[in-house]
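Each residue of the sequence shown is one higher than the one before, counting from 618 in my numbering.
Every residue, glycine too, gets a C-beta built ideally from N, C-alpha and C.
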Amino acid sequence: LRAGRRVERGYRPTPLPEATPALKVGGPVLITGGFGGIGLTLARELVRQARAPIALVSRTPLPGRESWEGILRRQGGPLAARIRAVRSLEALGGRVLTLAADVANLEEMRAAVEEAQAAFGPLSGVIHAAGVVEDAPILGKSPLSVEDVFAPKVHGTQVLDALFPDGALDWMLLCSSTSTAT
């Protein structure tokens with residue numbers, strides 16, 4: 618209540634401008650949270666629409682390609698799903714590089730960016746889709762669990778800001794989460 622009025626938070630759709638940014642055909646893109654649903658969906662569209670080489674960044678590294686067939690034959694689960702995702706992007710004609718780095722760690726991300734640029738040349742864009750889903754009421758969270766959720770979004774954005782000052786990229790997309798509201 619403020620000055621006799623009840624104020625509450627609400628959400629409503631906001632129309633986006635009609636103009637969409639032009640994607641540079643063949644422009645390399647680095648995607649944090651690259652193996653998540655958002656990261657992979659956007660990677661597929663970038664390969665289809667702009668033939669963009671894709672650097673998928675995840676905290677967990679993939680094993681060498683020489684072991685992929687055996688992994689796919691022996692097991693399912695997240696590791697096999699990641700291997701299939703890379704192969705799916707490559708089947709679309711994409712060039713894919715997988716990198717292991719914590720987006721909240723400046724030195725790990727600096728190394729990942731350098732490796733991506735060594736493989737593909739200067740990056741055209743970055744998609745920051747990394748995140749940890751741990752929705753729960755705030756009073757039920759410990760400071761450590763709050764930090765687990767904030768680290769990739771907040772600290773990761775700070776790291777990307779340090780690595781890509783204004784003008785270093787053609788574009789950057791920051792994906793948000795409803796976790797802070799829920």
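List the endpoints of the continuous alpha helix (DSSP H) containing residue i.
i, result
"L780", "773–780"
"L791", "That residue, L791, is in no alpha helix (DSSP H); its beta strand (DSSP E) goes 788–791."
"R661", "654–667"
"S762", "760–767"
So who's on the other strand from residue i, going by DSSP bridges?
i, result
"W685", "Per DSSP, none; premise fails for W685."
"A672", "L647, L714"
"R619", "R622"
Output the distance between the C-alpha atoms of residue i and residue j, rounded to the nearest integer angstrom.
i, j, result
"A729", "L740", "12 Å"
"E686", "V750", "31 Å"
"E764", "A753", "13 Å"
"L618", "T631", "26 Å"
"V723", "Q692", "According to the sequence displayed, residue 723 carries Leu and not Val. In a straight line, the C-alpha of L723 is about 34 Å away from that of Q692."
"S684", "I700", "10 Å"
"A747", "Y628", "23 Å"
"G653", "P782", "26 Å"
"G651", "P695", "13 Å"
Compute the beta-carbon to beta-carbon distance between residue i and residue j, rounded to the nearest angstrom, for a pair I have assumed lies under 8 Å.
i, j, result
"G773", "A721", "5 Å"
"D778", "G742", "Their Cβ separation, rounded to whole angstroms, is 15 Å, which puts D778 and G742 out of contact at 8 Å."
"V642", "R668", "6 Å"
"L657", "T715", "Their Cβ separation, rounded to whole angstroms, is 12 Å, which puts L657 and T715 out of contact at 8 Å."
"A697", "L709", "At roughly 19 Å, the Cβ-Cβ gap does not stay under 8 Å, so A697 and L709 are not in contact."
"I671", "C792", "Between C792 and I671 the Cβ distance is about 16 Å, and since that is not below 8 Å, they are no contact."
Write down every uninterrupted run of the beta strand (DSSP E) in the region 692–748 whose length is 3 residues or greater and which is fully enclosed by it, in chain order. Restricted to the region 692–748, the beta strand (DSSP E) segments that are unbroken, complete and at least 3 residues in length are 713–717, 742–745, listed in chain order.
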